[in-house]
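Data first, discussion second: the structure below is written as structure tokens.
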Amino acid sequence: MSQLLEAFAWIGDPTRWSGPGGIPVRLAEHLWYTALGVAIAALIAVPVGLYVGHSHRARGLTVAISGAARALPTLGLVTLFGLWFGIGLTAPILAFVVLAIPSLLAGAYSACESVDPDTVDAARAQGMTEWQILTRVEVPLGMPLLISGLRLAVVQVVATVMLASYIGNGGLGRFIFLGLNLQDYPQMLGGSILVVALALVLDVLLRLLERGISPRGAARV
Amino acid sequence: MIRFDHVGKTYPDGTTAVEDFSLTVDSHASVVLVGTSGSGKTTLMRMVNRMVDPTSGRVLIDDEDVAAMDPVKLRRRIGYVMQASGLLPHRTVAENVATVPHLEGVSRRRSRSRALALLEMVGLDHKLGDRYPSQLSGGQQQRVGVARALAADPNILLMDEPFGAVDPIVRAELQKELLRLQSELGKTILFVTHDIDEAFLLGEKVVILKPGGVVAQEGTPSQILADPADDFVETFVGSGRGKRALHLEEVDGRQVVVDESGRPTGVLHAAPESRS
Chain A
1 MSQLLEAFAW
11 IGDPTRWSGP
21 GGIPVRLAEH
31 LWYTALGVAI
41 AALIAVPVGL
51 YVGHSHRARG
61 LTVAISGAAR
71 ALPTLGLVTL
81 FGLWFGIGLT
91 APILAFVVLA
101 IPSLLAGAYS
111 ACESVDPDTV
121 DAARAQGMTE
131 WQILTRVEVP
141 LGMPLLISGL
151 RLAVVQVVAT
161 VMLASYIGNG
171 GLGRFIFLGL
181 NLQDYPQMLG
191 GSILVVALAL
201 VLDVLLRLLE
211 RGISPRGAAR
221 V
Chain B
1 MIRFDHVGKT
11 YPDGTTAVED
21 FSLTVDSHAS
31 VVLVGTSGSG
41 KTTLMRMVNR
51 MVDPTSGRVL
61 IDDEDVAAMD
71 PVKLRRRIGY
81 VMQASGLLPH
91 RTVAENVATV
101 PHLEGVSRRR
111 SRSRALALLE
121 MVGLDHKLGD
131 RYPSQLSGGQ
141 QQRVGVARAL
151 AADPNILLMD
161 EPFGAVDPIV
171 RAELQKELLR
181 LQSELGKTIL
191 FVTHDIDEAF
201 LLGEKVVILK
211 PGGVVAQEGT
221 PSQILADPAD
231 DFVETFVGSG
241 RGKRALHLEE
251 VDGRQVVVDE
261 SGRPTGVLHA
271 APESRS
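Structure below.
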């Protein structure tokens, strides 16, 4: 209990909230790594997922690949990529991309699959092109599932981004690994609390977005 | 004019939906394909707007093979009404009706005023235009489906059991409404149903299908009733069971029509001029 109080005291210490190694800088780094990892993963996973969901092709393969990607331990990946690419941001970001892809992929293909096949059939029969069906019917109607995939990816990555500091980068992980090395447990616990708080805040914000974005008419069905 | 020229459809897994089907639907005529499930009636209808491509034979619209046409352009000039209304749940009723004009680049204002006019035409208050489909009853949704199909003023209307999912009273209303619309608009209508009464009510020509798209009989309702081609047709139209075998009895000097169980069903008047 006293360690927890010390951890909060560590967070509350005003000197930690300024300077080049202060909490705001580490927080910004943490968010930046998260955004970078999720954005790169989204660039790959969302188009692939939408294609799979729209065309009903290669679904089994996609599920298998994303299942396999889920099973990979991220710490192992960071270490492995670190050996290949050396110290720096490339290795951890690559690992975060691998971590984020399965959730985004599942969100994207289930977004398409959640749309009533009769609605899609009718849209096609009215003369919409496949692209119009995707962008005007499937994506708007499946948007809540797409955002829910994004939310899962963000939460997973934000909780894992501390591993970036493991091979010499910034982020809130700095406090955790520094505390670990110095046996400075209030600092270590303080860093962890910040990561948890950040994950919860992002989760809530994206949940609100998810709810706000569900299409008006569809919400009543 | 729509012409089916020896069309067949066999799926890659080997099942044959339609073997060899030929039919001509004259312009401005309403033709009903009627059959049980597995008769291939919906498959045949969907060949007209290339939602299904035949594996043999051709479908021609005004002597042009649809296989040579761009499916998207083709579908935009053919109205399509389906059983599940298939309206876009995230668009308002007016936006749904304006789907095709909007795709074709008609301005939002013009397509909206056309949509509202169409709603009135199918018997709906134009105020419903700003509602969402889920706020409408099943019968209203089907009317919106008909309005949407008419929005681009197509010559051809394809109707796939459009009134199959509504209750009998609403269905009767919608059928009457369709007859009224057809007398005003004179579209070429290909209508699919499993309900023989609906077929006889709406079709100038009725095509009774056996499984595999085999034509059991083709003719006007009265031709089929008067002279069923075989036992299948007879059973299908119910005359085999005597359901439609009516006779006349004279009561107080008037001709009363009585069915096979002796129940009076109506009074006979002199024949009206002519239906059309």
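From first to last, the protein sequence lines are chains A and B. Under UniProt numbering, think of the first position of the first sequence as 1, with each following residue one higher. Under UniProt numbering, think of the first position of the second sequence as 1, with each following residue one higher. Glycine included, each C-beta is placed from N, C-alpha and C at the ideal position.
Contact of ARG216 (chain A) with chain B is assigned, a C-beta pair being separated by under 9 Å. Among the CB atoms of chain B, one or more fall inside 9 Å of the CB of THR119 (chain A). If you draw a straight line from the Cα of SER107 (chain B) to the Cα of LYS187 (chain B), it is about 25 Å long.
Within chain B, LEU88 have C-beta atoms less than 7 Å from the C-beta of VAL137 (chain A), given in sequence order. Using a C-beta cut-off of 8 Å, the segment 180-196 of chain A makes no contact with the segment 127-136 of chain A, since fewer than three inter-stretch Cβ pairs fall below that distance. By the CB criterion at 9 Å, VAL157 (chain A) and LEU200 (chain A) fall outside the cutoff.
For a Cβ distance threshold of 8 Å, residue set MET51 and ARG75 of chain B lies close to ARG124 (chain A), ordered along the chain.
With a cutoff of 9 Å on beta-carbon distance, VAL25 (chain B) and MET1 (chain B) are scored as near each other.
Nearest C-alpha to LEU44 (chain B) among B:LEU158, B:ARG112, B:ARG148 and B:ARG180: B:LEU158. Its chain contains GLY186, LYS187 and THR188 as the residues whose beta carbon lies nearer than 8 Å to that of HIS28 (chain B), once the 5 sequence neighbours on both sides are disregarded; these appear in chain order. Cα atoms of LEU50 (chain A) and HIS194 (chain B): separation of roughly 37 Å, rounded to the nearest angstrom. With 16 or more other CB atoms across the displayed protein chains lying within 10 angstroms of its CB, ASP160 (chain B) is buried. For secondary structure counted as the alpha helix (DSSP H) over 4 or more consecutive residues, the segment 65-106 of chain B holds these complete runs in sequence order: 71-76, 93-97 and 99-103. PRO12 (chain B) sits in coil when the DSSP states are folded into three classes, being neither helix nor strand. TRP10 (chain A) is classed as buried because its beta carbon has at least 16 other beta carbons within 10 Å across all chains shown. Residues of the same chain with a CB within less than 6 Å of the CB of LEU206 (chain A), apart from the 5 flanking positions on each side, are ARG151 in chain order.
A contact between stretches requires three or more CB pairs, one per stretch, nearer than 8 Å, and the segment 15-22 of chain B fails this requirement with the segment 167-184 of chain B.
In the three-state reduction of the DSSP assignment, ILE193 (chain A) falls in the helix class, which pools H, G and I.
If you draw a straight line from the Cα of VAL97 (chain B) to the Cα of ARG3 (chain B), it is about 28 Å long. In the three-state reduction of the DSSP assignment, VAL158 (chain A) falls in the helix class, which pools H, G and I. If you ignore the 5 residues before and after THR119 (chain A), its C-beta comes within less than 7 Å of the C-beta of VAL137, all in its own chain and listed in chain order.
Here TYR11 (chain B) is exposed, its C-beta having fewer than 16 other C-beta atoms within 10 Å.
Between VAL161 (chain A) and PRO102 (chain A), the CB-CB gap reaches or exceeds 9 Å.
Look at the beta carbons and you see the segment 76-86 of chain B touching the segment 134-146 of chain B: at least three pairs across the two are nearer than 8 Å. In the structure shown, LEU190 (chain B) falls within a strand segment according to DSSP collapsed to helix, strand and coil.
Your pair THR55 (chain B) and LYS127 (chain B) does not check out as a contact, with CB atoms roughly 48 Å apart and the cut at 8 Å.
Between VAL195 (chain A) and ALA95 (chain A), the alpha-carbon positions lie close to 18 Å from each other. Its chain contains MET1 as the residues whose beta carbon lies nearer than 6 Å to that of ASP62 (chain B), once the 5 sequence neighbours on both sides are disregarded; these appear in chain order.
For GLY88 (chain A), same chain residues with a beta-carbon under 6 Å away, outside a window of 5 residues either side, do not exist.
For the segment 102-118 of chain B, residues whose beta-carbon sits nearer than 7 Å to a beta-carbon of chain A comprise LEU103. Closest in C-alpha terms to PRO133 (chain B), from the list B:ALA94, B:PRO264 and B:LEU178, comes B:ALA94.
Rounded to whole angstroms, the Cβ separation of ALA111 (chain A) and GLY53 (chain A) is 6 Å, and the two are in contact under 8 Å.
Assigned with DSSP and collapsed to three states, ILE156 (chain B) falls in strand.
Secondary structure note for GLU29 (chain A): its alpha helix (DSSP H) is the uninterrupted segment 23-55. Following the DSSP letters along the chain, one finds GLN217 (chain B) in no alpha helix (DSSP H) but inside the beta strand (DSSP E) bounded by residues 214-219. Under the DSSP assignment, ARG131 (chain B) falls outside any alpha helix (DSSP H); it carries neither an H nor an E label.
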